[in-house]
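Peer 1: According to mature numbering (1 follows the signal peptide of the UniProt record, and there is no 0), the stretch in the sequence shown is residues -22 to -1, 1 to 189, in order. Glycine is no exception: its CB is placed at the ideal position from the N, C-alpha and C atoms. Quick one: the structure is below, questions incoming.
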Amino acid sequence: MRKIIKLAAAVALIGASAPAAAAVTICLGGGCAAQPGSNVLVTQGVPGLNVTGTLNNAPGTVNFSSTEQLIGLANGQARVGAVDGVLNNPLTFSLTGGLISALEFNIDAITSGKVFFTFAGGDSNGLVTSAYNLGRNGSNFYNAFNGTFSSVTMTFTEGATVADVGQFRLNSAQTVAAVPEPATWALMMLGFGAIGFSVRRRKPGVRVRFA
């Protein structure tokens, strides 16, 4: 009986730590999803492997990182490219102080190819998308929504090179504790019920002493 109670309690606790499943959605083209409410702002210049920025109307810090030297190309709304003018290594965009619940940005490609996205954090952690077409027309808007994440890495393939990535807008959400699913609640109740039943059945022994 004790083993059953311990097992039920352990399963309940493990299940309680699992968040409800969700997956981020990607759509292409400006206006394909509701526009997020916060502009990402960076400062022109200051080259490095990391470029930091802020949001115009919300707390949090954003960061652009790559294995090649990056630079902010304009003051104000974020526009980030490689120092040498050709970005072809993966670029990671991340937010500290919360999670991203919606993101919009534009990739200005020099040569056509494809791009795929890898998400980390939130309920989209570990998601890798299929490859999307990237045209050299200067307008490749992408929207990510219906899920939460702390960072997204864009990887350029099939000959794609990029002049800059810009016009970032996002919605942020504070990090919250995982919410147990209904099945998890059932396991928790089973475990607690079994423990309560066991406690009620235990009675202290009575010793009778004779003079």
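Look up D86 in the DSSP assignment and give the residues it is bridged to.
Peer 2: The sequence position of residue 86 within the sequence shown is 108, counting from 1. DSSP, once it has assigned bridges, lists D142 as partnering D86.
Peer 1: Decide if the stretch 103 to 123 is in contact with the stretch 25 to 33; the criterion is three or more beta carbon pairs, one per stretch, under 8 Å apart.
Peer 2: no
Peer 1: Determine the DSSP secondary structure at A164, reduced to helix, strand or coil.
Peer 2: Residue 164 sits at position 186 when you count from the first residue of the sequence shown. Low confidence applies to A164: its pLDDT is 49, below 50, so where it sits in the model is not reliable, and the reading given next is rough at best. Reduced to three states, the DSSP call for A164 is helix.
Peer 1: Within the same chain, show all residues whose beta-carbon is closer than 8 Å to that of T45, passing over the 5 residues directly before and after it, in chain order.
Peer 2: The sequence position of residue 45 within the sequence shown is 67, counting from 1. Here the set comprises L27, N67 and P68.
Peer 1: Using 10 angstroms around the beta-carbon of N149, count the other beta-carbons present and answer buried if the total reaches 16, otherwise exposed.
Peer 2: Counted from its first residue, the sequence shown places residue 149 at position 171. With 16 or more other Cβ atoms from the protein chains shown falling within 10 Å of its own Cβ, N149 counts as buried.
Peer 1: How many Å lie between A52 and C5 at the Cα?
Peer 2: In the sequence shown, residue 52 corresponds to position 74, counting from 1. In the sequence shown, residue 5 corresponds to position 27, counting from 1. Put simply, the backbone Cα of A52 is about 26 Å away from that of C5.
Peer 1: Based on Cα-Cα distance, which residue from T89, A11 and V29 lies nearest to T70?
Peer 2: Taking the first residue of the sequence shown as position 1, residue 70 is located at position 92. Nearest option by C-alpha distance: V29.
Peer 1: On the DSSP letters alone, give me the boundaries of the beta strand (DSSP E) that V29 sits inside.
Peer 2: Here residue 29 refers to the residue found at position 51 of the sequence shown. G23 to L33 is the extent of the beta strand (DSSP E) around V29.
Peer 1: Determine, using beta-carbon pairs with one atom in the stretch 114 to 124 and one in the stretch 72 to 87, whether at least three such pairs fall under 8 Å.
Peer 2: yes
Peer 1: What number of angstroms, rounded off, separates the C-alpha of G50 from the C-alpha of L33?
Peer 2: By 1-based counting over the sequence shown, the position of residue 50 is 72. By 1-based counting over the sequence shown, the position of residue 33 is 55. G50 and L33 have their C-alpha atoms some 15 Å from each other.
Peer 1: Taking 7 Å as the limit between beta carbons, can you name the residues of its chain near P37, skipping five residues before and five after?
Peer 2: Along the sequence shown, read from residue 1 onward, the residue named residue 37 stands at position 59. Contacts found: G75.
Peer 1: What are the start and end residues of the beta strand (DSSP E) that includes L6?
Peer 2: Stepping through the sequence shown from its first residue, residue 6 is reached at position 28. Element bounds for L6: T3 to L6.
Peer 1: Using DSSP with H/G/I as helix, E/B as strand and the rest coil, what is S117?
Peer 2: As a working mapping, residue 117 is identified with position 139 in the sequence shown. Reduced to three states, the DSSP call for S117 is coil.
Peer 1: Along the chain, where does the beta strand (DSSP E) containing V40 start, and where does it finish?
Peer 2: Here residue 40 refers to the residue found at position 62 when the sequence shown is read from its first residue. Element bounds for V40: T39 to G50.
Peer 1: Compute the distance between the beta-carbons of A151 and F123, then report whether it is under 7 Å.
Peer 2: The residue you call residue 151 lines up with position 173 of the sequence shown. The residue you call residue 123 lines up with position 145 of the sequence shown. No, the pair does not count as a contact, with Cβ atoms beyond the cut-off.
Peer 1: Under DSSP, the beta strand (DSSP E) around A61 begins and ends at which residues?
Peer 2: As a position in the sequence shown, residue 61 is number 83, starting the count at 1. A small fix is needed here, since residue 61 is Val in this sequence, not Ala. Unbroken run through V61: none, as it is neither H nor E.
Peer 1: So L77 packs on G104, CB below 8 Å; how close in whole Å?
Peer 2: Indexing the sequence shown from 1 puts residue 77 at position 99. Indexing the sequence shown from 1 puts residue 104 at position 126. Going by Cβ atoms, the distance from L77 to G104 rounds to 15 Å, so no, they are not a contact pair.
Peer 1: Cβ atoms of G31 and V40: under 7 Å apart, would you say?
Peer 2: Locating residue 40 in the sequence shown gives position 62, where the first residue counts as 1. Locating residue 31 in the sequence shown gives position 53, where the first residue counts as 1. Result yes, Cβ atoms of V40 and G31 sit closer than 7 Å.
Peer 1: With distances taken Cα to Cα, identify the nearest neighbour of F127 among D142, G8 and V106.
Peer 2: By one-based count along the sequence shown, residue 127 stands at place 149. Comparing Cα-Cα distances from F127 to each of D142, G8 and V106, the minimum goes to V106.
Peer 1: Bridge partners of N53, per DSSP?
Peer 2: Position 75 of the sequence shown, counted from the first residue, corresponds to residue 53. Answer by DSSP bridge pairing: none, since N53 is not bridged.
Peer 1: Closest by CA to T133, which one among R114, Q13, F97 and G7?
Peer 2: Stepping through the sequence shown from its first residue, residue 133 is reached at position 155. Of the listed residues, the one whose Cα sits closest to T133 is F97.
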